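A.B. asks:
In the numbering used here, the protein residues as written are 344 to 1080.
Put into structure tokens, the structure is as follows:
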């Protein structure tokens, strides 16, 4: 067990005697620390870099993703902890840790994580060499390669680089967030005088340069920093390098907005500029940097209160992503082409006809996101469509969703777009889309100042045979065609009048602050979502107490909310069987004697990022069951989703869609062995192994090779995953804790 989870080991929950309820629910050790749980999730991502089931370049990609994740963790989470420390915040986290204790545990965990990242890179580099892929130092290149490299440097890098001397006339330059730079101790050859110099690596050039190939069997890369060091004399003629090193700066990149900001757009434009100059959260230097240069950087950046870290080998591992773009299909996942939903295709591409026929649930990325784009394009071009309402949290560059809304507005339709400016790291793009939409005549609304609008909703109003029919799309993911190829999400299409009326009320809520009442199929935060979930958990407790079957299944990105977790604990104590698939942060401790022995949690990490959110309640029967109450939507079980965001989850009543969500999607996730990690009581995790009889199951492979139930009905009832003994996958590797 790692050091950061020892508080749990010392708590009353480690006692084999059943503690009283008062003792349990007053003991903060019943929760896992949020920050440490996130780092444990990122470790699972990192471990995929060593998963032999994955092709080599895909494993390099997992390493790169883990490094990029860690950067964002410092930019947001560690920055937040530092801010609390500087402001003297004394409030402890739900798990009972002070700010200083959290920072100490975080740094300890990060140090281990980064050490393993470097070790895994060394192993991967050996495997790359075995495949003829080399990351070389210029000294290892042939004369012809060096001549080519010099010509490339002079033509492509020299004009971009800006050499800076650091003296009285040239103070230490500002380093923006994630800025990667080289610092030199230079000696003038004629006078033997020393000078410190600085060169920032330009973001517009790829970090690893691919040299021309002389044979198909070998490809060589050289890092940008090694190229600069090799030709430093061209940037500083008459000087020689006596010492040098890499360093990188990570800054606070979260944005705080005044609740009463008069002009939200101008406020965000200003905040985005401030982000680039945020406080330094972390500085990374390489171990070969001379101590004098290291001290100089620390002093100039004035970061005595910020922990710096020395990197042993390769800097900024997130940049390895550009190596994974190499044209080596034998070292990558087999290309996958998403299916287009059959029922829409059977209707000659007419989305409205297909949805009128029967509700559809589209499972991305296994089924193409193009159906969502086609739905909105058809709405834009259909003469009978009179209005479109759309929520945009994140979307892509050159977004076809935005293009469809602009086309609709220019065609004279009433178009409303709710654009969320507070979508972290996409604020700038969203500002641009808002400007473009307004110029086309779209009525743009920025939602609430104090809450993010995180719901994924579309509403199309169409005149049909003398009356109006509403077509609705409800998603678990963003309207982003690029991420829709990588994230597992759900798109639910319906003309159900109750659902359409509920969706219209949610749009009115975000545009006119008209609080929705008497909702039939939707639950909405911050109004009813929390209370409804707690009510369903209490109902399962009552079923258990009455001797009936009592089950809860859930799939989400994160489980953090203390009130929901405590409700799960109470349900477990009452005998409710709870099975959760939590990809990322999980602050609940599963399988703890006297508290949560009826709760089991797994995390699925694979080729696609698990992103859909689903909640299922047995309703007096064992899951899966036709009696089950099933929701899908945009919300994770975190305080921000339940308290500070506009989120929606829709209750699924259509028999086929219900079966697809529960019997196909949820069962497949429960059954998975190849991509699954068991979450342990101490907050750590371990990979599930194949069952004793040798059976293994990969849920993502299953979804890639089997059609969805929705739209095909009874014809595909046998395509649901064949279930092993109930809960066997969860129980196979679980010991008595």
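All residues carry an ideal CB built from backbone N, CA and C; glycine is no exception. Only a predicted model underlies this, so the values are computations on that prediction, with no experimental measurement involved.
Excluding the 5 residues preceding and the 5 following residue 923 in the sequence, name in chain order all residues of the same chain whose CB lies nearer than 6 Å to its CB.
C.D. replies: Around residue 923: 897, 944.
A.B. asks: Excluding the 5 residues preceding and the 5 following residue 947 in the sequence, name in chain order all residues of the same chain whose CB lies nearer than 7 Å to its CB.
C.D. replies: Only 924, 926, 953, 1012, 1015, 1018, 1019, 1042 meet the Cβ criterion.
A.B. asks: Looking at C-beta atoms only, is the number of pairs between the region 393 to 407 and the region 951 to 968 that lie closer than 8 Å three or more?
C.D. replies: Touching, no, given that fewer than three Cβ pairs across the two stretches are closer than 8 Å.
A.B. asks: From what residue to what residue does the alpha helix (DSSP H) around residue 1043 run?
C.D. replies: Residue 1043 -> alpha helix (DSSP H) spans 1042 to 1048.
A.B. asks: Cutting at 8 Å between CB atoms, please list the residues of its own chain near residue 986, excluding the five before and the five after it.
C.D. replies: Around residue 986: 868, 869, 873.
A.B. asks: If we ignore side chains and look at the alpha-carbon of each, how far apart do residue 795 and residue 982 end up?
C.D. replies: Approximately 13 Å between the Cα atoms of the pair.
A.B. asks: Examine the ligand GDP and report whether any of its heavy atoms sits within less than 8 Å of the Cβ of residue 391.
C.D. replies: Looking at this structure, you won't find the ligand GDP or any other ligand, since it has none at all.
A.B. asks: Check whether the region 412 to 424 touches the region 436 to 456, taking contact to mean three or more Cβ pairs, one atom from each stretch, closer than 8 Å.
C.D. replies: Touching, per the Cβ criterion.
A.B. asks: Residue 850 and residue 975 - do their beta-carbons sit closer together than 9 Å?
C.D. replies: Against a cut-off of 9 Å, the Cβ pair of residue 850 and residue 975 comes out as no contact.
A.B. asks: Let me know the secondary structure DSSP gives residue 694 once reduced to three states.
C.D. replies: Correct three-state label for residue 694: helix.
A.B. asks: Where does residue 855 fall in DSSP's three states?
C.D. replies: Reduced to three states, the DSSP call for residue 855 is helix.
A.B. asks: State buried or exposed for residue 556, treating a residue as buried only when at least 16 other CB atoms are found within 10 Å of its CB.
C.D. replies: It counts as exposed.
A.B. asks: When you compare only the Cα positions, how much space is there between residue 875 and residue 838?
C.D. replies: Rounded to the nearest angstrom, the two C-alpha atoms are 24 Å apart.
A.B. asks: Going by CA-CA distance only, name the one from 672, 591, 634 that's closest to residue 658.
C.D. replies: Selected option, being the one with the closest Cα: 591.
A.B. asks: So, with DSSP's three-state summary, where would you put residue 475?
C.D. replies: Of the three classes helix, strand and coil, the one that applies to residue 475 here is coil, per DSSP.
A.B. asks: Which stretch, first to last residue, makes up the alpha helix (DSSP H) that contains residue 745?
C.D. replies: Here the alpha helix (DSSP H) through residue 745 covers 743 to 753.
A.B. asks: Is residue 1028 helix, strand or coil when you go by DSSP?
C.D. replies: Residue 1028: strand per DSSP, three-state reduction.
A.B. asks: Given 8 Å as the limit, is there contact between the region 433 to 442 and the region 495 to 510, that is, 3 or more CB pairs closer than that?
C.D. replies: With a cut-off of 8 Å, the region 495 to 510 and the region 433 to 442 do not count as touching, because too few Cβ pairs lie within range.
A.B. asks: If the criterion is Cβ atoms closer than 9 Å, does the pair residue 846 and residue 991 meet it?
C.D. replies: Cβ distance < 9 Å, so residue 846 and residue 991 count as in contact.
A.B. asks: Quick one: grab the DSSP three-state call for residue 1091.
C.D. replies: With the chain running from 344 to 1080 in the structure shown, residue 1091 is simply not present.
A.B. asks: Can you find at least 3 beta carbon pairs, one from the region 785 to 792 and one from the region 695 to 713, that sit closer than 8 Å?
C.D. replies: Touching, no, given that fewer than three Cβ pairs across the two stretches are closer than 8 Å.
A.B. asks: Only counting the same chain, and skipping five residues up and downstream in sequence, which positions put a Cβ closer than 8 Å to that of residue 399?
C.D. replies: Taken in chain order, the residues that qualify are 467, 470, 471, 474, 674.
A.B. asks: With a threshold of 7 Å on Cβ separation, who are the neighbours of residue 929 within its own chain once the five nearest residues in sequence on each side are excluded?
C.D. replies: If we look at residue 929 and ignore the five residues flanking it on each side, its Cβ neighbours are 375, 380, 902, 944, 1022.
A.B. asks: Apart from the five residues just before and just after residue 1057, which ones in its own chain have a Cβ nearer than 7 Å to its Cβ?
C.D. replies: Note that residue 1057 scores 44 on pLDDT, short of 50, meaning its location in the model is unreliable; the coordinates nonetheless yield the value given after this. None.
A.B. asks: What residue range is occupied by the uninterrupted alpha helix (DSSP H) comprising residue 998?
C.D. replies: 998 to 1002 is the extent of the alpha helix (DSSP H) around residue 998.
A.B. asks: Which residue spans inside the region 622 to 668 form an unbroken beta strand (DSSP E) run of at least 3?
C.D. replies: Counting whole runs of 3 or more residues, the region 622 to 668 contains the beta strand (DSSP E) stretches 623 to 629, 651 to 654.
A.B. asks: What would DSSP say about residue 583, mapped onto helix, strand or coil?
C.D. replies: DSSP places residue 583 in strand when its eight states are reduced to three.
A.B. asks: Buried or exposed: where does residue 717 fall if 16 or more other Cβ atoms within 10 Å of its Cβ makes it buried?
C.D. replies: Residue 717 should be labelled buried.
A.B. asks: For residue 572, which of 889, 816, 540, 1009 has the nearest alpha-carbon?
C.D. replies: Answer by Cα proximity: 540.
A.B. asks: How big is the Cα-Cα spacing for residue 877 and residue 665?
C.D. replies: Their Cα atoms are separated by approximately 46 Å.
A.B. asks: Going by beta carbon distance, what residues of the same chain come within less than 6 Å of residue 551, once the five residues before and after it are set aside?
C.D. replies: These residues qualify, in order along the chain: 564, 566, 665, 666.
A.B. asks: Indicate whether residue 866 and residue 880 have their beta-carbon atoms separated by less than 9 Å.
C.D. replies: Going by C-beta atoms, residue 866 is not nearer than 9 Å to residue 880.
A.B. asks: At what residues does the alpha helix (DSSP H) containing residue 557 begin and finish?
C.D. replies: Segment: none, residue 557 is in no alpha helix (DSSP H) and carries neither H nor E.
A.B. asks: Should residue 842 go down as buried or exposed, given a rule of 16 or more other Cβ atoms within 10 Å for buried?
C.D. replies: Buried, since its Cβ has 16 or more Cβ neighbours within 10 Å.
A.B. asks: Could you give the distance in angstroms between the alpha-carbon of residue 910 and the alpha-carbon of residue 959?
C.D. replies: Rounded to whole angstroms, residue 910 to residue 959 spans 15 Å at the Cα level.
A.B. asks: Given a cut-off of 9 Å on the beta-carbon distance, is the pair residue 389 and residue 460 in contact?
C.D. replies: Yes.
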